[in-house]
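Asker:
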Amino acid sequence: MGLEEHIPSKDNGGSKADKECPDCSGTRFVEDDVRAEIICFKCGLVIEEKLIDDGPSNVFSNEDWDKQTTGPASNIMIHDKGLSTEIGWKNRDYNNKRLPKKRGAQVYRMRQWQNRIRFSNSTERNIMVASKEITTIGAKLNLPESIKESAMVIYRLAANKSLVRGRSIEAVVAFSIYAACRLADNPRSLDEIAEYSDQNRKQIGRTYRFLKRKLKVKLNQTKPQDYVDRLCSELGLSRETKFYSLDIIAKATEAGLVSGRGPLGIAASSTYLASRIYGEKRTQKEIAQITGVTEVTIRNRYKEMIKKLNIDLPE
DNA sequence: AAGACGAAAGTGGTTGA
DNA sequence: TCAACAACTTTCGTCTT
56 MGLEEHIPSK DNGGSKADKE CPDCSGTRFV EDDVRAEIIC FKCGLVIEEK
106 LIDDGPSNVF SNEDWDKQTT GPASNIMIHD KGLSTEIGWK NRDYNNKRLP
156 KKRGAQVYRM RQWQNRIRFS NSTERNIMVA SKEITTIGAK LNLPESIKES
206 AMVIYRLAAN KSLVRGRSIE AVVAFSIYAA CRLADNPRSL DEIAEYSDQN
256 RKQIGRTYRF LKRKLKVKLN QTKPQDYVDR LCSELGLSRE TKFYSLDIIA
306 KATEAGLVSG RGPLGIAASS TYLASRIYGE KRTQKEIAQI TGVTEVTIRN
356 RYKEMIKKLN IDLPE
């Protein structure tokens with residue numbers, strides 16, 4: 056049990072399961088739905104990342120069947136959590152027989168009131184727009200369902216405390232996503248999120264500071280370590296290199312080279328060093344492009360590390 | 001020619017009075 | 001609210017491979 060539970064027993068679609076790990080040629084994979092990655096079960100290599108979450112696959116397993124009431128599970132991504140009654144749009148009864156004219160008109164009025172009541176509250180209307188936005192941006196960033204859901208929870212929190220008023224929905228959405236990512240130890244930079252939001256970076260930053268204060272969300276400082284995984288697999292680096300990069304970060308932390316510095320810069324330069332030392336050299340430019348820090352920063356950081364940690368570079 | 005280097009000036013965020 | 005400050009970026013000329 057344990058990890059085994061996560062291993063898909065059937066090919067979902069086929070192509071994924073008949074893959075081989077390029078590193079150890081293992082054929083069993085674990086899906087990590089927090090980071091949205093497929094990881095080799097044998098050696099831990101990230102095979103595929105930024106998976107699109109296709110939702111729970113076992114909603115109707117035998118065990119669950121008994122517990123099922125009717126309808127799908129409550130879903131936070133729908134503004135009323137999918138729990139309200141729907142009045143069908145067709146003027147037909149449960150036998151699919153056309154309703155008499157008079158009855159049809161009545162159902163029409165019911166439908167109208169239903170919608171008025173459902174969306175009457177401006178907060179609910181607002182949340183509805185936000186949930187669409189979270190879904191859109193979440194898809195563009197390839198975020199797993201769990202993070203989108205917690206973003207929605209955070210948005211609701213803000214909306215219910217009337218903190219959205221006077222701020223744009225988009226900016227609050229951006230904050231919710233940013234915070235949800237951080238809470239899941241799968242940090243994305245504000246820049247990354249701003250890229251897909253039609254709000255500018257500045258406004259998102261301002262909203263971020265405001266909401267962080269008001270909601271009192273405790274966001275741990277992002278750690279450079281959290282970026283290393285994603286960075287290394289994007290650079291196609293081996294596990295050894297990745298672990299060495301993490302090792303450098305640990306030593307740099309002890310030496311006081313980390314606090315006060317941007318975590319992305321640290322991750323970038325430790326990975327740069329590791330890649331050179333392990334003979335898988337990547338250029339500063341390459342790493343700079345992926346991480347979004349400049350080559351200059353990578354240089355400054357890694358020179359510091361070499362000096363303070365006594366690291367020898369192969370020529 | 002590409003990559004690495006480092007100086008200099010500019011930008012945006014944090015902090016403390 | 002403002003100035004001082006450190007981190008980081010941009011730009012650019014130079015050196016190295």
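Residues in the first sequence are numbered consecutively from 56, following this note's numbering. We put the CB at the ideal spot given by N, CA and C, even for glycine.
Flag this pair as touching only if the segment 269-283 and the segment 232-252 have three or more C-beta atom pairs under 8 angstroms; answer yes or no.
Answerer: These segments touch.
Asker: Let me check understanding here. Comparing Cα to Cα, which of N150, N355, E247 and L196 lies closest to G320?
Answerer: Ranking N150, N355, E247 and L196 by Cα distance to G320 puts N355 first.
Asker: Quick check on R166: does DSSP put it in helix, strand or coil?
Answerer: Helix, per DSSP.
Asker: Locate the alpha helix (DSSP H) running through N275, then write down its first and last residues.
Answerer: No alpha helix (DSSP H) contains N275, which DSSP labels as neither H nor E.
Asker: Under a three-way DSSP split, which group does N113 fall into?
Answerer: Its pLDDT being 41, under 50, N113 is placed unreliably in this model, and the value from its coordinates should be taken loosely. If DSSP states are grouped into helix, strand and coil, N113 belongs with coil.
Asker: Identify which residue in E250, K267 and T262 has its Cα closest to the Cα of G221.
Answerer: Ranking E250, K267 and T262 by Cα distance to G221 puts T262 first.
Asker: In or out: T296 buried (at least 16 other Cβ within 10 Å) or exposed?
Answerer: With 16 or more other Cβ atoms within 10 Å, it is buried.
Asker: Which residues does DSSP pair with R220 in a beta bridge?
Answerer: Answer is none; R220 lacks a bridge partner.
Asker: Helix, strand or coil: how does DSSP classify R337 here?
Answerer: Residue state, collapsed to three classes: coil.
Asker: For the segment 293-318, list the alpha helix (DSSP H) runs that are entirely contained and at least 4 residues long, ordered along the chain.
Answerer: You should have 294-309.
Asker: Just reading off the alpha helix (DSSP H) that S205 is part of, what are its end residues?
Answerer: Here the alpha helix (DSSP H) through S205 covers E200 to N215.
Asker: Going by C-alpha distance, which of E179, L364, W168 and I366 is nearest V219?
Answerer: Considering only alpha carbons, the answer is E179.
Asker: Hey, could you find the ends of the alpha helix (DSSP H) R354 is sitting in?
Answerer: Segment E350 to L364, the alpha helix (DSSP H) holding R354.
Asker: Going by beta carbon distance, what residues of the same chain come within less than 6 angstroms of A185, once the five residues before and after it are set aside?
Answerer: So the list reads Y210, I224 and V228, once near-sequence residues are dropped.
Asker: Would you call E188 buried or exposed, if buried means 16 or more other Cβ atoms sit within 10 Å of its Cβ?
Answerer: Buried, since its Cβ has 16 or more Cβ neighbours within 10 Å.
Asker: State yes or no: is the C-beta of L292 within less than 7 angstroms of the C-beta of E341?
Answerer: No, the pair does not count as a contact, with Cβ atoms beyond the cut-off.
Asker: Is it buried or exposed for T326, if we count other Cβ within 10 angstroms and need 16 for buried?
Answerer: Under this definition T326 is a buried residue.
Asker: When you compare only the Cα positions, how much space is there between L196 and R237?
Answerer: Taking the straight line from one Cα to the other gives about 14 angstroms.
Asker: With 16 other CB atoms within 10 Å as the buried threshold, where does G193 fall?
Answerer: Buried.
Asker: Identify whether R153 lies in helix, strand or coil by the three-state DSSP scheme.
Answerer: Strand, per DSSP.
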